[in-house]
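Letter by letter, the sequence shown follows residues -25 to -1, 1 to 526 of mature numbering (1 follows the signal peptide of the UniProt record, and there is no 0).
These notes concern the structure reproduced below.
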Amino acid sequence: MKKHLLIIVSALVSVLSLNLIAVTAAEPTVKNIYYDDVYSFSEGMSRVVKNGKYGFMDQTGNVAINLEYDYVRDFSDGFAAVSKGGTWYDEEGYVDGKWGFINSTGKVVVPIIYDKVCDFSESLAAVVKDGKLGFVDTTGKVVIPLTYDCSMYEEFYFNHGLAVVAAGDFEDPDIFVIDENGNTAFDFKYDYARLSGYSEGMLAVAVGGDWGIGGPYYWARSYNFGKYGFIDTNGNEIVAPVYDYASDFREGIAVVCKDGKWGAIDENGDVVVPIIYTDISFPSNGLLCVCNDEGKWGYVDYTGKVVADFKFDLCNTFREGYVTNSIDGKWGALDTTGKTVIPFKYYNLWNFSEGLVRVRMVEDGKWGYMDAGGNIAIDPVYQAATDFSDGVAIVVKDGKFGIISKTSIPYTATPTTSTVLVNGSPVAFDAYLINGNNYFKLRDLAYILSGTDKQFEVTWDDTLKAINLISGKPYTVSGGEMATGSKNTATAYPSAATVFINGVRVELTAYTINGFNYFKLRDLGKEFDFGVIWDGTAKTIRIDTSSSYSE
């Protein structure tokens, strides 16, 4: 059975052939395009299905890549995994197809010959054929031979120039950490490593446990009853293996379990959230959702301080500086200080995405969108709706799929109060916090990074009406860089600016404030590969041009 992203009425949507409508919040117009299923946007593309064949449409509703595949995955880093020749089963899903990759123009860049592919990470993708795993680059060239062993349900990725691979006995494998040339990076002395690889420069490892194989509809390796710790990218032990479980690091924090209780440690191995809770979420936006002995959920920061009391029905994590949750079955939202920003009185709220949250006010009601102030931004008139992505969302109204744009919706931009360090030195940027993310003036960042290894030039193409960014080239001063802002709350509108990086069009989230374009810092860090680190304890943003970007 296919997994439909139109969650609310997926059963309705999947059995109807519905014509696509391109709409604004004010007045819909009908386009004569028909799909059996439509998925959320990713990198400006939406997966679409008709008569069992998959392809992609763009944000205007036009077919961008022909519907010729038996299954496709979302675009990630400019590439999408595509498959032919497989079969759908009710329990197992899509199996037995051959996989490859296409780029954003639809060109096949990795041949469709593999039994399994993982998404690209650091320009390399793991591929599997006849039970053997290796890595290909974005041209399809095999750069690390297919010599390692892999289950069809394991994921392998390069992070920080390293990947974890396994070889030998499937139920008792030898573990290796390899570099981008396929060479062993260091001697690995543990029984287990998380096969998906490093996160924030740390790798979860374990000793003393047993490998196992599980199902029921697929076979995958698991590791049980061991003690977990962490090593760095040189193989040095940073956290001794003493925990019953440890998550990956996120925002400088890892969740750990000991004797049935949960807490969190920092990158030095120090316990920062006491290991006293019955359950816990992954870190997000400087906070963790934790459960007490009575089964109620609350929120703590990375020092263990309780920010929101234990009164919530379930576990949900912060996004864009806000979290939705329910109290006695009624939904509302909090900010990161624990303040209620949307009253707990609604039938259902989903997570924030690009400043808006899906809301259904009453049972059997229609879906609309609300901002972080609790104001209705888009009227609740839809049978189903997805989160906003790249400025658009997919909705169902009167039996038709539609695309809603939010470019005319204003957002509140709050001056960033966090300290910003660039290569260790404080810099006073004119920056704003919008929807929980930091946005910087493009030319200011180019000016400050000029002369570093991650410098980039900014030009304007008047013919294409587009911003050109050129990596590795020093910035040309135009005047007005690093001008001090008013430090007052401002109104921001989603920017419609077209951006090219090194001649390739990219989709970047940007807002216009007082005539200037402000871009998400993490987006720029990812594109130009400089480190962006949030130190929640010190309330400091660190930009490091000597390191690579990491999620």
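Glycine residues also receive a C-beta, built at the ideal position from the N, C-alpha and C atoms.
Pro86 and Gly75 do touch by the CB rule: their CB atoms are close to 5 Å apart, below 8 Å. For secondary structure counted as the beta strand (DSSP E) over 3 or more consecutive residues, the stretch 24 to 90 holds these complete runs in sequence order: 28 to 32, 38 to 44, 54 to 59, 62 to 64, 68 to 70, 73 to 78 and 83 to 89.
Taking Gly490 as reference, the option from Ile351, Thr122, Asp52 and Ala467 with the minimal CA-CA separation is Ala467. Here DSSP, grouped into helix, strand and coil, assigns Gly500 to helix.
Sorting Ala441, Lys448 and Phe415 by C-alpha distance to the C-alpha of Thr427 places Lys448 at the top. Distance from the CA atom of Tyr524 to the CA atom of Glu338, rounded to whole angstroms, is 43 Å. Ala168 and Thr312 have their alpha carbons spaced roughly 36 Å apart.
Scanning the stretch 402 to 454 for uninterrupted beta strand (DSSP E) segments of 3 residues or longer gives 406 to 409, 412 to 416, 431 to 436 and 441 to 446, listed from N- to C-terminal end.
Here Asn350 is exposed. Its C-beta has fewer than 16 other C-beta atoms within 10 Å.
Within its own chain, the residues whose Cβ lies closer than 6 Å to the Cβ of Arg335, once the five positions on either side in sequence are excluded, are Tyr322, Asn323 and Trp342, listed in chain order. Straight-line measurement puts the Cα of Lys107 at about 14 Å from the Cα of Ala100. A Cβ-Cβ separation of about 6 Å places Lys202 in contact with Val217 under the 8 Å criterion.
Here Asp149 is not near Ala138, since their CB atoms are 8 Å or more apart. Per DSSP, reduced to three states, the secondary structure at Pro258 is coil, with no helix or strand assignment.
The three-state reading of DSSP puts Lys280 in coil, since its state is none of H, G, I, E or B. When the five nearest sequence neighbours on each side are left out, the beta carbons in the same chain lying within less than 6 Å of the beta carbon of Ser259 are those of Thr292 and Phe293, in order along the chain. Counting along the chain, Ala465 sits inside the beta strand (DSSP E) bounded by residues Ala465 to Pro469. A check of alpha carbon separations from Ala347 across Lys375, Ala368, Ala388 and Val370 identifies Ala388 as the nearest. The criterion of a C-beta distance shorter than 8 Å is satisfied by Tyr277 and Val248. If you check the CB distance, Phe505 and Lys429 come in under 8 Å. Here Asn134 is not near Ser79, since their CB atoms are 8 Å or more apart. In this structure, DSSP gives Phe205 an extended state, which the three-state scheme calls strand. For Gly143, the closest C-alpha among the options Thr159, Gly157, Glu155 and Cys125 is that of Cys125. Looking at the DSSP output, Asp112 sits in a beta bridge with Leu99.
DSSP, read as helix, strand or coil, puts Arg517 in strand. A Cβ-Cβ distance of about 5 Å is found for the pair Ile516 and Val395, placing them in contact under the 8 Å criterion. As the crow flies, the alpha-carbon of Phe404 is around 24 Å from that of Tyr297. The Cβ-Cβ distance between Leu262 and Val275 falls below 8 Å.
For the options Ala56, Ser222 and Lys320, the alpha carbon positioned closest to that of Cys232 is the one of Ser222. The Cβ atoms of Gly61 and Val70 sit closer than 8 Å to each other.
Residue environment for Phe200: exposed (fewer than 16 other C-beta atoms within 10 angstroms of its C-beta).
The closest CA to that of Lys25, considering only Asp436, Asn267, Gly19 and Val38, is found on Val38. Linking Asp65 to Arg22 through their CA atoms gives a straight-line distance of about 20 Å.
In this structure, DSSP gives Ser525 a state outside helix and strand, which the three-state scheme calls coil. With contacts defined as CB atoms closer than 8 Å, Val83 and Lys91 fail to qualify as a contacting pair. Counting every other CB atom within 10 Å of its CB across the protein chains shown gives Asp12 a total of 16 or more, marking it as buried.
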